[in-house]
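So the structure is just underneath, and the comments pick up after that.
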Amino acid sequence: MPKETFINGVDGNPIAYMCERQTLNANLRKAVLDVEQEAVKITAQLAQAVAPASKQALDALNPVRSATMNEYSKIFAWQELDAVAPSKLAEQCGLQADLNAVKVRAAELASATDAYRQAPGLLDELMKPVALLRRKAEIKSALAPVSELLLRDPTLTEDLIMQLHDIAQGDVFSFTRSELSHKQRELDALREDLTNASSARNDALMANDVRAAETLAFREVDICERIIGRINDRVKIIYMCDSDVKEFCDKYAKTQELAEGLLRKHEDDTKEWVLKLQQDIARLTQAKEETTQRDVHDEEDHEKKVEDSLVSIRSVQQQQQQNWEKIMELLNFHHTLSTQRSRLVEEHLALHAGEVSRQATVGAWLAGCEDLLEQLQQSSNSATSSLQWIGQVRSYVNHLCTQTENKRIDEEAWQMRVQEQLDYLDAYKHFKTVVDDIQHRKDLRIISLQRVVRNFELQIKEATETLDPHTKKYEREISVALEEIASAKETLDKLKKRVQEQHTQWKLIEESLEESHVDFTPPDIAAEKELCEKKATALAVARQFVNTEQETVDKDTMRLRKLKTSNVVAIEGLQKRRAERAESIAAPPGDSP
Numbered sequence: 001m002p003k004e005t006f007i008n009g010v011d012g013n014p015i016a017y018m019c020e021r022q023t024l025n026a027n028l029r030k031a032v033l034d035v036e037q038e039a040v041k042i043t044a045q046l047a048q049a050v051a052p053a054s055k056q057a058l059d060a061l062n063p064v065r066s067a068t069m070n071e072y073s074k075i076f077a078w079q080e081l082d083a084v085a086p087s088k089l090a091e092q093c094g095l096q097a098d099l100n101a102v103k104v105r106a107a108e109l110a111s112a113t114d115a116y117r118q119a120p121g122l123l124d125e126l127m128k129p130v131a132l133l134r135r136k137a138e139i140k141s142a143l144a145p146v147s148e149l150l151l152r153d154p155t156l157t158e159d160l161i162m163q164l165h166d167i168a169q170g171d172v173f174s175f176t177r178s179e180l181s182h183k184q185r186e187l188d189a190l191r192e193d194l195t196n197a198s199s200a201r202n203d204a205l206m207a208n209d210v211r212a213a214e215t216l217a218f219r220e221v222d223i224c225e226r227i228i229g230r231i232n233d234r235v236k237i238i239y240m241c242d243s244d245v246k247e248f249c250d251k252y253a254k255t256q257e258l259a260e261g262l263l264r265k266h267e268d269d270t271k272e273w274v275l276k277l278q279q280d281i282a283r284l285t286q287a288k289e290e291t292t293q294r295d296v297h298d299e300e301d302h303e304k305k306v307e308d309s310l311v312s313i314r315s316v317q318q319q320q321q322q323n324w325e326k327i328m329e330l331l332n333f334h335h336t337l338s339t340q341r342s343r344l345v346e347e348h349l350a351l352h353a354g355e356v357s358r359q360a361t362v363g364a365w366l367a368g369c370e371d372l373l374e375q376l377q378q379s380s381n382s383a384t385s386s387l388q389w390i391g392q393v394r395s396y397v398n399h400l401c402t403q404t405e406n407k408r409i410d411e412e413a414w415q416m417r418v419q420e421q422l423d424y425l426d427a428y429k430h431f432k433t434v435v436d437d438i439q440h441r442k443d444l445r446i447i448s449l450q451r452v453v454r455n456f457e458l459q460i461k462e463a464t465e466t467l468d469p470h471t472k473k474y475e476r477e478i479s480v481a482l483e484e485i486a487s488a489k490e491t492l493d494k495l496k497k498r499v500q501e502q503h504t505q506w507k508l509i510e511e512s513l514e515e516s517h518v519d520f521t522p523p524d525i526a527a528e529k530e531l532c533e534k535k536a537t538a539l540a541v542a543r544q545f546v547n548t549e550q551e552t553v554d555k556d557t558m559r560l561r562k563l564k565t566s567n568v569v570a571i572e573g574l575q576k577r578r579a580e581r582a583e584s585i586a587a588p589p590g591d592s593p
C-alpha cells in the first residue's frame, strides 16, 4: 500500500477515517464492558442473596460446617481478585454482622442443649435417697419398655430408669431386702443346727447320758445367742432403713416438682429450637428459590446481551467487508482492527469460560445448600421426635409417681420390723428355756454333790472312830466332789451373766412391741411355765430314784462298813493271840504260871 494513501485516508480524507475508527473501537469496548458489568452484577446479587442464610446454616450445623465453608470460600474467592469498592466494604460489613448474629444464636442453641443434657444428671442428684436402694436383677426385665427411649437419648442413663422403676414399685427396701436375705440364710442354717442339737439332747436324756445332754444343752445356748445376734442385726438394718424411708418421704415431693420443672424447661427449649430451625429452613429455602430465579433470569439476559454483541460484531464485519473494496488504502489499519477483534474474541471466550466455572461453582454451592436443607429437615424431625419422647417420659414419670403414691412405705417397714421382733421373741424363748433347764440341772447336781460330800464326811468321821483304812480314799472323793461343785457354780455364774445381757437386749424389743400394740407372751412366763412342768416331772422321778438309791446305798454302806470293821478287829485279835502264843513258847519253863 502506498504510504500516501495510508496517511491521507480514503478519498484523501483522513479525518473521516479516524472518526470511523474511534466509533468502531468505542462500540466494541462498550459491548465488552457491558458484558463484564452484567456478569459482576449477577454474581454480586447472587452472593448477597444467599450469603446470610448460608452463614446461619453453616454456623448452626457443626457436622457439615467445614465442607460448606470450603464451598463458600470457593464461591467468593473470585471477588477478592476485584478492586475493593465501597459497595463491597459495605457488603462485607453486613456479612460480618450476620455472622455475629448467627454465632449468638448458635451459642443460645448450645446453652439450651447443654441444659437439656444436664437435666438427667441433675435429676440423678435429686434422687440420691433411692440410689442405694435398687435391685438390678429385677430391674433389667423392667427396662424393656424404655429401651427405645434409651436409644433415642443416651444421656438418660440406666441408673435413672432403675431408680424410677424402684419408685414405681414402692420397694425402697431393695438394698435392705438383699442384706436381710443374706442374714436369713444364716438364720436358717443356725435354726437347723438348733433343731439337730435339741433332738440329740433329747436322745441323750432318754439314754440317761447326762454329760452328753449337758454338752448339747450348752451348744443350744450358744446357737440361740448366735440366732439372737443375727436377728438383732436384721432389726438394726430395718431401723437404719427407717431414717432413709422418712427422708425419702420428705424429699420425694420436692424431687417430683424439680423433675417436672426440668422436663417443662427442656420441652420449652426444644420447642424454641424447633421454631428457629423451621425459620432457618424457610429462609434458606426462600433464598434458594430466589437465587435459582435470579440465575435463570440473569443467564437469559447474559445470553441475550452476548448475542447482541455478536450481532453487532457481525454487522461491523459486514460493514468492513463492504468497505474493503472502497478503501484499499486502509488495509494495514484493517489488519490492526482484525488483531483487535481477535483479542476481543479471546477476552470474550475467557469471560465465557469464567462464567461457566462460576456457574459450576454456584451449582456445587446450591448442592451443598440442598444438603444443608436435608440436614436441617432431619434436625427438625429429630427435634419433633424429641418432643414426643419428652411426652412419653413425662407420662412414664407420672405413672411411676402415681404408683409410688399408692404404696404405704411406712406400713411395710412397720410390718418388717414387727416380724423380725417376733422372730427374736421365739429365739429368746428357746434360749430362756434351755438356760433354765441347765440351771435347774446344775442346781440338782450341786445338791447331790453336797449330799455326797456330807456322806463322805460322815464316813471319814466313822472311819476315824473305827480305824477304817479307806480314809484317804474318802478325802480324795470329797476333793473331787468339791471341785465339781465349784465348776458347776462357775458355770451358773456365767449363765447368769449371759441371761442378764440377753434380758437387757430383750427389754428394748419388748418396749418396741408394746408401742406397736402387738399381742405376745413374755418369754419369762413361757419359760417358767415349761420349766415348772419339767421340774415337776423330774422331781417326781428323781424323788423315787433317790429314795430307792439312798436306801440301797445306806444299807450296803453300813453292811460293808460293819464287815470291814469286824474283819479288822478279827485280824487284830488274831495277831495279838499269835504274839502271846509266841511269847509263851519262848519263855523259860519256870516262868510259866
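Heads up: the sequence shown runs through residues 1 to 593, numbered per the UniProt record's numbering.
Where a beta carbon is used, it is the ideal one built from N, C-alpha and C, also for glycine.
For residue i, I'd like the list of residues in its chain whose CB is within less than 7 Å of its CB, leaving aside the five on either flank, ordered along the chain.
{"i": "E148", "result": "Low local confidence applies: a pLDDT of 45 at E148 is under 50, so the model's placement there is unreliable, and no value is given."}
{"i": "L81", "result": "Caution is warranted here: a pLDDT of 39 is assigned to L81, below 50, making its placement in the model unreliable, and no coordinate value can be reported."}
{"i": "L349", "result": "none"}
{"i": "P154", "result": "Per-residue confidence for P154 stands at a pLDDT of 43, beneath the threshold of 50, marking its modelled position as unreliable; no derived number is given."}
{"i": "Q377", "result": "I281"}
{"i": "S141", "result": "In this predicted model, S141 has a pLDDT of only 44, less than 50, meaning its place in the structure is not dependable enough to derive any value."}
{"i": "S198", "result": "E220"}
{"i": "S357", "result": "none"}
Please return the same chain residues whose Cβ sits closer than 6 Å to the Cβ of residue i, not counting the five positions on each side in sequence.
{"i": "A137", "result": "In this predicted model, A137 has a pLDDT of only 41, less than 50, meaning its place in the structure is not dependable; the value taken from the coordinates is given anyway. Cβ neighbours of A137 beyond the five flanking positions: none."}
{"i": "I509", "result": "Q421 and Y424"}
{"i": "Q459", "result": "Y474"}
{"i": "E457", "result": "none"}
{"i": "T292", "result": "none"}
{"i": "L205", "result": "A213"}
State the CB to CB distance for the pair residue i and residue j, rounded to an integer number of angstroms; the pair is presumed to be in contact (CB under 8 Å).
{"i": "K442", "j": "L492", "result": "5 Å"}
{"i": "I223", "j": "D203", "result": "Not really, about 17 Å apart at Cβ, beyond 8 Å."}
{"i": "E462", "j": "R559", "result": "So it is not a contact: roughly 14 Å between Cβ atoms."}
{"i": "R451", "j": "A488", "result": "Not a contact, Cβ separation roughly 14 Å."}
Would you check if the distance between the CB atom of residue i and the CB atom of residue j is smaller than 9 Å?
{"i": "L449", "j": "A427", "result": "no"}
{"i": "L495", "j": "Q439", "result": "yes"}
{"i": "I237", "j": "F431", "result": "no"}
{"i": "E289", "j": "Q359", "result": "no"}
{"i": "K183", "j": "R230", "result": "yes"}
{"i": "L216", "j": "R201", "result": "yes"}
{"i": "E225", "j": "R498", "result": "yes"}
For residue i, which residues of its own chain have a beta-carbon under 8 Å away from its beta-carbon, when the five flanking residues on both sides are left out?
{"i": "V453", "result": "I478, A481, L482 and I485"}
{"i": "N232", "result": "Y424 and Q505"}
{"i": "T339", "result": "none"}
{"i": "L151", "result": "Low local confidence applies: a pLDDT of 43 at L151 is under 50, so the model's placement there is unreliable, and no value is given."}
{"i": "R191", "result": "I227"}
Going by the C-beta, is residue i closer than 8 Å to any heavy atom of the ligand FAD?
{"i": "L444", "result": "Looking for the ligand FAD in the displayed structure turns up nothing, as the structure carries no ligands at all."}
Checklist entry - Is the number of C-beta pairs between the region 432 to 441 and the region 488 to 505 that are closer than 8 Å three or more? => result yes
Checklist entry - Is it true that the region 201 to 217 meets the region 414 to 425, where meeting means three or more beta-carbon pairs spaced less than 8 Å apart? => result no
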